[in-house]
Every structure is written in structure tokens, then in C-alpha cells.
Amino acid sequence: MICKQYKKIHTSISHQTTQIALHTAKPLLALATLIVADVPAQAITFNFTYQPGITQEQIAAVELAGNIWSAYLQDIDVVVNIHVEMTEGVLAEGKLGGTTPAIKKINYDKFKEGLGADGTANIYQLPTSIYSTDKYRTRLAGGIINNSNYELLTTTANNKALGNDLSGDASELDAYIQLEKSTNWSYRYAGGKIEQNQYDFVSVAVHEIGHSLGFISGLDALSGLALPTAVDMFRYSTESTKQRAIDYTVGGTKYFSINGGQNPFNFTQMEGSTPTVYQAIFSSGENTLLGGDGEQASHWKIDSQTYLGIMSSTISMGGIKKISRLDLTVLDYIGWQVDYFPIINLSVLSTNAQTKAQKIWDSQFDSNTNNDAIRDRSSDVQQMIQKSGIYNWGWSGYWQTAHPAP
70 MICKQYKKIH TSISHQTTQI ALHTAKPLLA LATLIVADVP AQAITFNFTY
120 QPGITQEQIA AVELAGNIWS AYLQDIDVVV NIHVEMTEGV LAEGKLGGTT
170 PAIKKINYDK FKEGLGADGT ANIYQLPTSI YSTDKYRTRL AGGIINNSNY
220 ELLTTTANNK ALGNDLSGDA SELDAYIQLE KSTNWSYRYA GGKIEQNQYD
270 FVSVAVHEIG HSLGFISGLD ALSGLALPTA VDMFRYSTES TKQRAIDYTV
320 GGTKYFSING GQNPFNFTQM EGSTPTVYQA IFSSGENTLL GGDGEQASHW
370 KIDSQTYLGI MSSTISMGGI KKISRLDLTV LDYIGWQVDY FPIINLSVLS
420 TNAQTKAQKI WDSQFDSNTN NDAIRDRSSD VQQMIQKSGI YNWGWSGYWQ
470 TAHPAP
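Per my numbering, residue 70 is the first one in the sequence shown, and the count goes up by one each step.
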């Protein structure tokens, strides 16, 4: 057999990576049901490719993560292309995974048009300028209001969900995900229990895919030059609400709101026989000098509240994280077609993922098979980064952070 040498993709995290840390010690928010049928026929399609060096077990885990998202997202005409690589020492210390999504700049009126076609989000609650409906209002540092925002950022996957660019290059990458090779991983997500000294691989993969789908904030751009994102269109504070604008500042209490900031989106969880109401609070940014909480704004805030969702920033050893109703609500309001209560047979999804992983793995050794699932895509990743443009500003990307305590 002829052995090929592949070039590893070493993308500087100062330019690209989203790393995350997930806490699972707290009780879980009411989760969309994860218990009983295959991925529905009307669902998003994930097309994963893998950098050489990945194992069959890891491929199966990534495919399972994609199957889980597919159970909730009903965008049948959307194909999301993601390249996955196991890297060692490339991510920042303590980071389990990182996502570099392809970024697209779109007009605000195009965003509203896509949401209107989706039929879920109330476009009349968006932060439209009082001077023009094709602009939106942002509250900046010092309480300054900018009325002249014509554009925003989306991930290319999110842009597809809005009904745009569906006829573009079918093979073009929508995201590049790195996972830390040296981590003591568990691959027993479907079994529901992992060892206390391991991190759950599938949970981290599900989180990273969530960033690819559009759960990002422009506040995580180090230079402060990035435009707000689709999620930022629903980021408010009590101060910005008074000014009828989104809050595009680091620090303070920022929340997800679907009614123009009048109040945070909230949910009720039964704790024993007592209903408790929790609020959808965002992390306030990595820059602690500006008042941030030290976590990327592209995540749910970690504090004394219950577990908010898979898009929280940290994960603990021995913990498994699942997609919450809150995670789904955000994706719904940025343009995805969401099924909040699918009937899912996790065992079937896992079996399907393992079967596909076996075929992908075996195709490496079959001279009659054109194996394009495992291949070097260094040039494709670099092309995606350059085309996105934003990474020229030094964006650090989106990460998941390891937390040792269960």
C-alpha cells in the first residue's frame, strides 16, 4: 500500500479558534426529548470530512453529534460542510475543541427577509433604526447609539438556513473544527455514563457544531472591529432596551430577548415539586479589563443558575451535555427550522453513525473506492478563512474549555 504524507493544518488560534468549557454539575434544563426514531427525512444534512490522523471511533462520535442536530433541524434544503481534525497543542491550554466557521456579511434587510420567510421570529421586535427599516441600532461603549448599521455577520451555514446561497459551491467548507488529541476522551455518550476522569467527546462535538450553525458573537473579535452577528440581534441589557437598541458592549448583564429587550427569555424548570424560573443570560466577554466575565460572549453564562444549554462555555470531567430548549430557541430565532420535541432513538442514531464511520474507515483500504471523506483539506480551510475576511482582524474563534471538577 502506498502511504501518503499529509500536511497538518496548524491554524493560529489567535486567528481562528473557538474553544469552550462546559459545566455539567448543575441540574439540566428541560431538554428536548432524546429518546425514541431515526433522523427524520426532512432534516439538515451534515457532510463531514476528516483530516488524516483521526480514528474510526472519533469519526463515529462526530457523525453521532451531527445526527443529533439533524433530529432537531428541519432545513431539508441545507447541506453543511464541516472539516474535522484532531490536533495536539494547537488549541490554547485547557481548551478541548475549537471552531472556525466560514463567515458571511449580509445586509440587515436580507436578514429580516430570511427570518420572515422562516415564519418564526417576530421581525417587528428587531432593533430597527427609527430612521430606516434597513438599518438597526446598537448601543456601544459609553452608551453611544449607532443608528447606521446596514450589515451584520452570519456563519455561512446560518446564511443557508436564511435561504441564501443554497446554489453555491456544494463542496465549499462551512466550518473547520479542531479537537484536542491529547484529551482523555470518552465515547460513551449513547450509553449515558462516562468515567469521572474523562471528557465526553460527543458533547464537545455537538457544542462546536452549534457554533458552526451560527451561535457566535462579534464581541469576541479581539480588535473590536467586527460587526454584530445574527445572535447579537437578540442581545440586550436594561440600558440598551431603554434606547431601543441591542447591547454591543463587553461586561454587564446581557441577555437573550425575543421581545425587543423588554425582558430576558426565560424558562421554568421543576426542581422537586417547585417550579423555578431561569433567565437566558449571555457570557459578557473575555476582556475582564472592560468588565467581561472572562468567557467568550458566544456562550451562555455560567453562574449560580441551572445548566442553560449545550452552548455554555465549559464542560466538566464525567459530564454529558445535551441540547436544551434554550439552545434551540436561539437557532430558531436566527433562521433555522426547529423541531423542539422530536422523538429520537439515540441507540439508532449511534448505530447509524458507527455504520457510516465503518464505511468511511474501510474505504481507505479499498482501491476501487474514491475515499474523499478522509483527506488533507489544508488548502480548503485556508481558502475558507481568507474568504471570510473577519479572521484578518485577529478573531480568536469559538472554543470549549475543560473544567476538571464534575
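Every residue gets a Cβ at the ideal spot worked out from N, C-alpha and C, and that includes glycine.
Please read these numbers as outputs of a predicted model, since none were measured by experiment.
DSSP, reduced to helix, strand and coil, places asparagine 335 within a strand of the structure shown. If you draw a straight line from the Cα of lysine 173 to the Cα of leucine 221, it comes to about 8 Å. In this structure the stretch 246 to 255 does not touch the stretch 174 to 184; the number of beta carbon pairs closer than 8 Å is below three. Secondary structure at arginine 206: strand, using DSSP grouped into helix, strand and coil. Pairing leucine 282 with glutamate 340, the inter-Cα distance amounts to about 31 Å.
Sixteen is the threshold: since fewer than 16 other Cβ atoms of the shown chains lie within 10 Å of the Cβ of valine 346, the residue is exposed.
Between serine 306 and the set Val300, Thr318, Thr298, the nearest pair of CA atoms involves Thr318.
For isoleucine 384, the enclosing beta strand (DSSP E) has its first and last residue at 383 to 385. Here glutamine 365 carries a coil assignment [DSSP, helix/strand/coil].
In this structure the stretch 258 to 265 does not lie against the stretch 161 to 173, because fewer than three pairs of beta carbons, one per stretch, are closer than 8 Å. In the three-state scheme derived from DSSP, where H, G and I count as helix and E and B as strand, methionine 155 is classed as strand. Spanning the alpha carbons of arginine 394 and glycine 212 requires a straight line of approximately 32 Å.
In the three-state reduction of the DSSP assignment, aspartate 269 falls in the strand class. With 16 or more other CB atoms across the displayed protein chains lying within 10 angstroms of its CB, leucine 160 is buried.
Excluding the 5 residues flanking it on each side, glutamine 125 has same chain C-beta neighbours closer than 6 Å at Ala426, Trp430, in chain order. Judged by DSSP in its simplified three-state form, glutamine 120 adopts coil rather than helix or strand.
In the DSSP assignment, valine 346 falls within the beta strand (DSSP E) that extends over 343 to 348. If you ignore the 5 residues before and after glycine 287, its C-beta comes within less than 7 Å of the C-beta of Leu222, Ala295, Leu296, Pro297, Thr298, Asp301, all in its own chain and listed in chain order. A distance below 6 Å between beta-carbons, with the five flanking residues on each side excluded, links alanine 422 to the following residues of its chain, in chain order: Ala129, Glu132, Leu133, Asn136. When Gly122, Tyr205, Thr224 are compared, the shortest CA-CA separation from serine 217 is found for Tyr205. Within the DSSP secondary-structure output, glycine 279 pairs in no beta bridge.
By the criterion of a C-beta distance shorter than 6 Å, glycine 122 is surrounded in its chain by Met155, once the five residues flanking it on both sides are discounted. Bounds of the beta strand (DSSP E) holding lysine 164 are 164 to 170. A direct Cα-Cα distance of roughly 26 Å separates asparagine 150 from phenylalanine 303. Under the three-state reduction of DSSP, phenylalanine 284 is assigned to coil, being neither helix nor strand. In the DSSP assignment, tyrosine 245 falls outside any alpha helix (DSSP H) and lies within the beta strand (DSSP E) extending over 244 to 249. DSSP lists no beta-bridge partner residue for valine 417.
DSSP, read as helix, strand or coil, puts asparagine 328 in coil. Close CB contacts of asparagine 335 within its chain, under the 8 Å cut and outside five residues either way in sequence, are with Val346, Tyr347, Gln348, Ala349 (chain order). Using a 10 angstroms sphere on the CB of glycine 279, the tally of other CB atoms reaches 16 or more, which defines it as buried.
If the five residues before and after aspartate 203 are omitted, its C-beta is found closer than 8 Å to the C-beta atoms of Asn176, Tyr177, Asp178, Tyr219, all from its own chain and listed in chain order. Per DSSP, asparagine 440 is not a residue of any alpha helix (DSSP H), being assigned neither H nor E.
For leucine 397, the number of other beta carbons within 10 angstroms of its own is at least 16, and it is reported as buried. For arginine 394, the secondary structure class from DSSP, reduced to helix, strand or coil, is helix.
In this structure, Pro196 is the residue among Tyr119, Gly183, Gly260, Pro196 with its C-alpha nearest to the C-alpha of lysine 311. Per DSSP, reduced to three states, the secondary structure at tyrosine 402 is helical.
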